[in-house]
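Engineer:
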Amino acid sequence: MDKVSPYLEILKSNPNVPKFVDFQVLAERTREAEGEKYQLVLKLMDPKTRTHICTAVIYPMEWFPGRTKQATFSHYHNVLRYCYAGLASEGRSPELLLQIMKAIWKPEKKENNANGEKESGQLIILKFIISPDYNITGGELESAFNCPAKYFYESFLGLQRTIRNAPTSIGFVRGNAIHKGIQYASNEWVRSADPVKAMKSYNRAILDEWRDNFSVLIRKSYYRGPNKDLKLPLQVDSIIVDQIVEQFKDIKENQLLNETLLFSPERGISGRADQIILKKDYDELWEIKTGSRYFIESDYDPLTGVTHPGGVQAFAYHEIIKKVTGKAPRTFIEFFDADAELEEDNPEIIPLQDHAVIKRRKIDLSDDQSDEYLDLLLQTRNIAFAIESGLLSGYDRYKINRFLSRRFMPALGTDFNLLSSNWRRICNYCPSNQQGICSDGKKLHDPDIWLHFPQDLYEYWSWYFRQLRFELNNVKRHLHKLATSEIDNLENQGITISNLKLEKFDPYHYVLTLTSDKKIFTRIREGDDVFVTPSDLLPGEIFSVEGKIDSLSSKEIVIKTRSTLKRRGKIADKFRVDQVENVIFSQWQSRSLTDFLFESMNRSGILGRKISDNELPYLIKLILGISKPNKIKPIPRTGLLKELDKFKVEAIEKGLGLQPGDMLLVQGPPGSGKTRMIAQLAREIFSEYYLLNSKLVDDEKFYLSKPVLILANTHRAADEVIVKLSAFEELKPYIVRLESYSKDHSEIVQEYILPTKTKFDETLSEKADADALVTVLKKGIELYRKAGIIVGTLGSVGNNLLKGLNFHWVIVDEAGQATEPASLGAFRHCCPTTESIEGFPRVLLVGDHKQLPPVVTEETIEHTPPVPKVLLNAGLQKESTLKTSLFERLFNMWTGKSDNVVILSEQYRMHEAISRIIKNAFYPSVNYTPANNDIGKHTIDEFLEPYAKLPSTKSTNSEIIAKLFTPTKPVIFINTEKDKAAIEGIEEIDIQTESRFNIRESKIIGKIVTDFLSLYDEKDQLEIAKQIGVISPYRHQNNLIYGELRANNLSEEIIENLRVDTVDRFQGDEREIIIISLTNSNENNIIGQLHRDWRRMNVSISRAKAKLIIVGNQQTFTQKSSEEKEDEAKEIFKEVFRTIKELEQEKLADELSSNEITI
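Residues in the sequence shown are numbered from 7 upward in steps of one, following this note's numbering.
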């Protein structure tokens, strides 16, 4: 109310007069007060306290009583009405945040009461921003301005230009190289004032960009040498450096900000400004653009006909800086024209006020309280929000079809003058034009396609799409949450760490070290993206920098930042770190899902009419549960039985026997060697379809059909496939790992990443040289042409290396961990048309739905819409959510009814006693056994044999340690149910599920590990520690265990080699010794959300090879609680402990009370 009251007073003191204001309210629509009138009546409340402020009315066309001149066009009323209708269609409360920018106070009457007279009336709102808590980037605003329909297709629906065609342009690499070059060179100049060093930095930036986009560059031909995209960044190097020297001659290091994060919680707009220069009396904002003048999707200058990009984006950043700093910057667009000669006016500098976007609309940038200024910003922002949030159309196919009937979306009441005039050029790059589904496009196949999808197919798409959009919408609100919430609340949620001291900053390598006086307790972890902001500012207020957590301990954080720390005057000594939510994960899944929807129609071969379910391609009907799998005719490979077990051979034979469009599921329980099976199958396919057919290898045609594409759910799994493939010497020249240059991969994997394989760094180590680059690219092209096995992640399915390629087989690893929309990426590429008219490849889904499920937020799960009938008939249950993978759904539907499911039943990892727990609890119907006696009887003594024990020294727990590590008993259970000290912590419990901890369990584990290692020489301790893993589902518990290890004086080197981690991070790993801290221990027998998903326990137990030690409260995990959702998991845990008791009777396990362990 404090921020609203001054504006209300201004309005009330000037009744019936429109006034420009700037305040935020929560607006609840009251339909009953509207009656039959075409107006919106709103109840306005304080956003934080929900205190009632007043009643407001919004009329169409910005009308108000006494208005003489009617507006020609106005979007405000229409768009807001559609947004409220969208909320109603989803059953949500009719409440939206509004940033009111122009309004009138209309007094009604004065009422007499005991305290005197009270004036009443209502607010008439004229201009406003809808939902400023929803973040729209400057780039998205530019896209929405250019063409709302294109923005709808790309940003909301996730429709892309097809990846089944070869890429046509690498121009963005040129632009990125110049961008990065200016950033590197300007940073170096203001630091050293040395033009030679600045030039070296510019060259280093170009090399970095070339390396990072190597997969893009090798998709072009260079038989004529370097093209303009490679040459332009080098041709302008001296121009740029000279310009930097001149422009920044009086600028100090702390005055220049590059790639600066901007965000205004009042405008709901964010972005990265290319450059901000802090001057004494004003700031300068620079947006740097490159491209061809003939392919710019922006306005024509009304006088010259010239176009320049970036006008709306620069205008948005101009407004954010003005809002944050209180003064308008001087804003410029610097444009490098790739098709122009290097003359005095190239690069061209365009002041924002001279840009066509501003010029055409006669906007005065100095007058931000003008209708023209606000309408351009607000119409673009509101339309972008309405489209991307889903409130405009919801998931109603008839609404979507209606709104997309014209590119300008006239139903919204949009002012066409506030949209781009260059729409015909925009069509060239629009996916809807390529598909022929836009009424205003250059080609027209089926403009009513939204009405022609079969109902089952549409409901399938809609159900998954709603959930993905829900996740994405939450991410889009995250930045506003960081900027407006109390920092104590953010810390309690574990997404912010405050009061961090600046320990040191390396300005050359961008490494920041921050320390804390108190123990750090957070959900933030290594590898997370973060914002770093001075403590007295909010994220997005110019001086935030973006970075990635490099390491995090109890009192220290090391962050690799994107840019240097800057501040007006002295650099801050206190900072806050905020976790960044990433939109990319949801976006690529949406793209795969929507591509599946449209390709289902395209590959049916029918256009221009509604089609039935039976007219869909066979694979689509298979996924929808309409058709049953075809019977597979296996191709014999009995010779493999010398190397592999019969289950793997069966999977390989059936995999080879697949026909285009067929699918095979291979379930791989823990340790069953599914990655080995994938590698062998890839080898068999490659030998059959490639090595034995030399014309495919020698063919000069650029885009060859490839035998195998292997997609994993994670980079770790993809790297593991590479390691297994590399064991086959004959395959090595034909393997490619889809990845830009990264030091995060092992040396083995690096060998198959193209920049490394072509010796990019060795060839271009000194200076960026286009001719030298072409030499390297030609090597890359040669390797790429003959590549037969390409390995990547599901998220890389749109990688430039894959565009336009056909694949005979697609194999998905870790399919049980991938959401169904993510798995649909496997169907985005075609097989050769000579094999199938429908074009779908043979697909193998390899995984295990009884191990870790897909990662989905609890909030998304709670808001899961009802499962449609088509999916209930296709393997889903009423309680199913996005966490049910495609693998699990098809497995449930096909098992016992089809031979398209193979289960790998033999395990190659653990002692029989450990695998028996897994079999009984998690795979009761599978004959899950060790592959041989060497594995089934493997003990800890075999692992420890090379290491000599120190002379025996009697200690407090020496007998306990001897008992715990007895080789004849692979399983130990330390029961804490009678230990009064072993109660879980409940403080700070509001960090969702991350906050539970058990101090007693952490001390027990710390003591066990320390006392066990102390039996050995210090040099041997390090090697033994590498085979010890400690698992808990809670990060806080793991932090406590690390703390205990340090308190017991274990060296940091040993602690670094010990692995203490969550089960989610442990999948795919294994250790000789695994210790599990169950953590939860309470009188109510609540096991919590993480344990409720019993699959985590399967993964935890199955990491152990020779020794499994479980520490926890049996009663908590087996006795019934008030939480019915835990019943299924409790039955699983009962079977775990029942099997341990069975093993104890066979003298293969032991149970101890934690009271026996002295700390």
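Backbone N, C-alpha and C define an ideal beta-carbon position, used for all residues, glycine too.
None of these values were measured; they are calculated from a predicted model.
Can you give the Cα-Cα distance for G663 and M1103, rounded to whole angstroms?
Structural biologist: Within the sequence shown, numbered from 1, the residue matching residue 663 stands at position 657. Within the sequence shown, numbered from 1, the residue matching residue 1103 stands at position 1097. Taking the straight line joining both Cα atoms gives about 36 Å.
Engineer: Which runs of the alpha helix (DSSP H) spanning at least 4 residues fall entirely within the region 1000–1032, listed in chain order?
Structural biologist: 1005–1019 and 1024–1031
Engineer: Taking the straight line between their C-alpha atoms, what separation do you get for A937 and H944?
Structural biologist: Translated into positions along the sequence shown, residue 937 becomes position 931. Translated into positions along the sequence shown, residue 944 becomes position 938. Cα to Cα, A937 sits roughly 12 Å from H944.
Engineer: Three Cβ pairs or more, each shorter than 8 Å: is that satisfied between the region 910–920 and the region 499–511?
Structural biologist: no
Engineer: Hey, quick one: how far does the alpha helix (DSSP H) through N1063 stretch, first residue to last?
Structural biologist: Taking the sequence shown and counting its residues from 1, the one referred to as residue 1063 is at position 1057. Here the alpha helix (DSSP H) through N1063 covers E1058 to N1063.
Engineer: For V727, which residues in the same chain have their Cβ closer than 7 Å to its Cβ, ignoring the five residues on either side in sequence?
Structural biologist: Along the sequence shown, read from residue 1 onward, the residue named residue 727 stands at position 721. The answer, listed in chain order, is T681, I684, A685, I716, A718, V797 and D819.
Engineer: Hey, quick one: how far does the alpha helix (DSSP H) through K405 stretch, first residue to last?
Structural biologist: The sequence position of residue 405 within the sequence shown is 399, counting from 1. Element bounds for K405: R403 to F409.
Engineer: Using the C-alpha atoms, what's the distance from T168 back to C837?
Structural biologist: In the sequence shown, residue 837 corresponds to position 831, counting from 1. In the sequence shown, residue 168 corresponds to position 162, counting from 1. The alpha-carbon atoms of C837 and T168 are separated by roughly 15 Å.
Engineer: Leaving out the 5 sequence neighbours to the left and right, which residues in its chain are closer than 7 Å to V655 when beta-carbon positions are compared?
Structural biologist: As a position in the sequence shown, residue 655 is number 649, starting the count at 1. Answer for V655: R643, L646 and L647, listed in chain order.
Engineer: Give me the Cα-Cα distance between R1065 and L558, rounded to the nearest whole angstrom.
Structural biologist: Along the sequence shown, read from residue 1 onward, the residue named residue 1065 stands at position 1059. Along the sequence shown, read from residue 1 onward, the residue named residue 558 stands at position 552. Each residue's alpha carbon lies about 15 Å from the other.
Engineer: Alpha carbon to alpha carbon, how far is Y1048 from I1061? Give it in angstroms, no decimals.
Structural biologist: Taking the first residue of the sequence shown as 1, we reach residue 1061 at position 1055. Taking the first residue of the sequence shown as 1, we reach residue 1048 at position 1042. Cα-Cα distance, rounded: 8 Å.
Engineer: Among the residues of its own chain, which have a CB less than 7 Å from the CB of N933, if the five just before and after it don't count?
Structural biologist: For the purposes of this step, residue 933 is taken as residue 927 along the sequence shown, with counting starting at 1. Contacts found: S911.
Engineer: Do the CB positions of A778 and L770 come within less than 7 Å of each other?
Structural biologist: Here the question's residue 778 lines up with position 772 in the sequence shown. Here the question's residue 770 lines up with position 764 in the sequence shown. Yes, these two residues count as a Cβ contact at 7 Å.
Engineer: When we look at the beta-carbon of Q1125 and count the other beta-carbons within 10 Å, is it buried (16 or more) or exposed?
Structural biologist: As a working note, residue 1125 is residue 1119 in the sequence shown. Per the 10 Å Cβ criterion, exposed.
Engineer: Taking DSSP as the reference, what is the three-state secondary structure of H814?
Structural biologist: Position 808 of the sequence shown holds residue 814. Note: H814 maps to strand in three-state DSSP.
Engineer: Since I believe V47 is in contact with I110 (beta carbons under 8 Å), could you give me their beta-carbon distance rounded to a whole number of angstroms?
Structural biologist: In the sequence shown, residue 110 corresponds to position 104, counting from 1. In the sequence shown, residue 47 corresponds to position 41, counting from 1. With a Cβ gap of about 15 Å, I110 and V47 do not count as contacting.
Engineer: Could you give the uninterrupted runs of the alpha helix (DSSP H) lying entirely in the region 424–497, keeping only those of 4 residues or more?
Structural biologist: 429–433, 437–441, 455–458, 461–482 and 484–490
Engineer: Measure the beta-carbon distance from L731 to L737 and round it to whole angstroms, keeping in mind my assumption that it falls under 8 Å.
Structural biologist: For the purposes of this step, residue 731 is taken as residue 725 along the sequence shown, with counting starting at 1. For the purposes of this step, residue 737 is taken as residue 731 along the sequence shown, with counting starting at 1. Between L737 and L731 the Cβ distance is about 6 Å, and since that is below 8 Å, they are a contact.
Engineer: First and last residue of the beta strand (DSSP E) that includes E293?
Structural biologist: One-based indexing of the sequence shown puts residue 293 at position 287. Run containing E293: D289 to G297, per the beta strand (DSSP E) assignment.
Engineer: My understanding is that A320 touches I339, with C-beta atoms under 8 Å, so please give their C-beta distance in whole angstroms.
Structural biologist: Residue numbering aside, residue 320 sits at position 314 when the sequence shown is read from its first letter. Residue numbering aside, residue 339 sits at position 333 when the sequence shown is read from its first letter. Indeed, because the Cβ distance is near 5 Å, the residues count as touching under 8 Å.
Engineer: Evaluate the contact criterion for the region 477–486 versus the region 555–573: three or more CB pairs, one atom per stretch, below 8 Å.
Structural biologist: no
Engineer: Determine the direct distance from the alpha carbon of Y82 to that of L380, and round the result to whole angstroms.
Structural biologist: As a working note, residue 380 is residue 374 in the sequence shown. As a working note, residue 82 is residue 76 in the sequence shown. Going from the Cα of L380 to the Cα of Y82 covers about 12 Å.
Engineer: My output table needs one value for A33: the three-state DSSP class, helix, strand or coil.
Structural biologist: The residue given as residue 33 occupies position 27 in the sequence shown. Of the three classes helix, strand and coil, the one that applies to A33 here is strand, per DSSP.
Engineer: Pick helix, strand or coil for Q585, following the three-state DSSP scheme.
Structural biologist: In the sequence shown, the residue the question calls residue 585 occupies position 579. Q585: strand per DSSP, three-state reduction.
Engineer: Spatial neighbours of A793 within its chain, please: C-beta separation below 6 Å, excluding the five flanking residues on both sides.
Structural biologist: Stepping through the sequence shown from its first residue, residue 793 is reached at position 787. Once the five neighbours on either side are set aside, the close Cβ partners of A793 are Y740 and V742.
Engineer: Have a look at S541, L410 and A417 and flag the residue whose alpha-carbon is nearest the alpha-carbon of I455.
Structural biologist: Taking the sequence shown and counting its residues from 1, the one referred to as residue 455 is at position 449. Nearest C-alpha to I455: L410.
Engineer: Pick out whichever of S270, Q281, I283 and A774 has its Cα sitting closest to the Cα of A322.
Structural biologist: In the sequence shown, counting from the first residue as 1, residue 322 sits at position 316. Ranking S270, Q281, I283 and A774 by Cα distance to A322 puts S270 first.
Engineer: If you follow the alpha helix (DSSP H) that P827 is part of, which residue opens it and which one closes it?
Structural biologist: What you label residue 827 is simply residue 821 of the sequence shown in a count that begins at 1. Start and end: E826 to S829.
Engineer: Can you give me the C-alpha to C-alpha distance between D1156 and K986, rounded to a whole angstrom?
Structural biologist: Counting from one through the sequence shown, the residue named residue 1156 turns up at place 1150. Counting from one through the sequence shown, the residue named residue 986 turns up at place 980. Each residue's alpha carbon lies about 22 Å from the other.
Engineer: Quick one: residues in its chain with C-beta nearer than 6 Å to the C-beta of W594, no 5 flanking neighbours on either side, listed in chain order?
Structural biologist: Residue 594 sits at position 588 when you count from the first residue of the sequence shown. Cβ neighbours of W594 beyond the five flanking positions: G801.
Engineer: Closest to I978 by C-alpha separation, out of C433, T799, T1145 and D534, would be which residue?
Structural biologist: Stepping through the sequence shown from its first residue, residue 978 is reached at position 972. Closest option to I978, Cα to Cα, is T1145.
Engineer: With P12 as the anchor, note down where its alpha helix (DSSP H) starts and where it stops.
Structural biologist: Stepping through the sequence shown from its first residue, residue 12 is reached at position 6. The continuous alpha helix (DSSP H) containing P12 extends over residues S11 to S19.
Engineer: In angstroms with no decimal places, state the Cα-to-Cα distance between N898 and D1133.
Structural biologist: Along the sequence shown, one-based indexing puts residue 898 at 892. Along the sequence shown, one-based indexing puts residue 1133 at 1127. The straight-line gap from Cα to Cα measures roughly 21 Å.
Engineer: H855 and E894: beta carbons closer than 7 Å?
Structural biologist: In the sequence shown, counting from the first residue as 1, residue 855 sits at position 849. In the sequence shown, counting from the first residue as 1, residue 894 sits at position 888. Yes, the pair counts as a contact, with Cβ atoms nearer than the cut-off.
Engineer: So who's on the other strand from V742, going by DSSP bridges?
Structural biologist: Position 736 of the sequence shown, counting from 1, holds the residue named residue 742. Answer is I796.
Engineer: Starting from the Cα of L50, find the closest Cα among E38, G41 and V63 and give me that residue.
Structural biologist: Position 44 of the sequence shown, counting from 1, holds the residue named residue 50. When only C-alpha atoms are compared, the closest one is V63.
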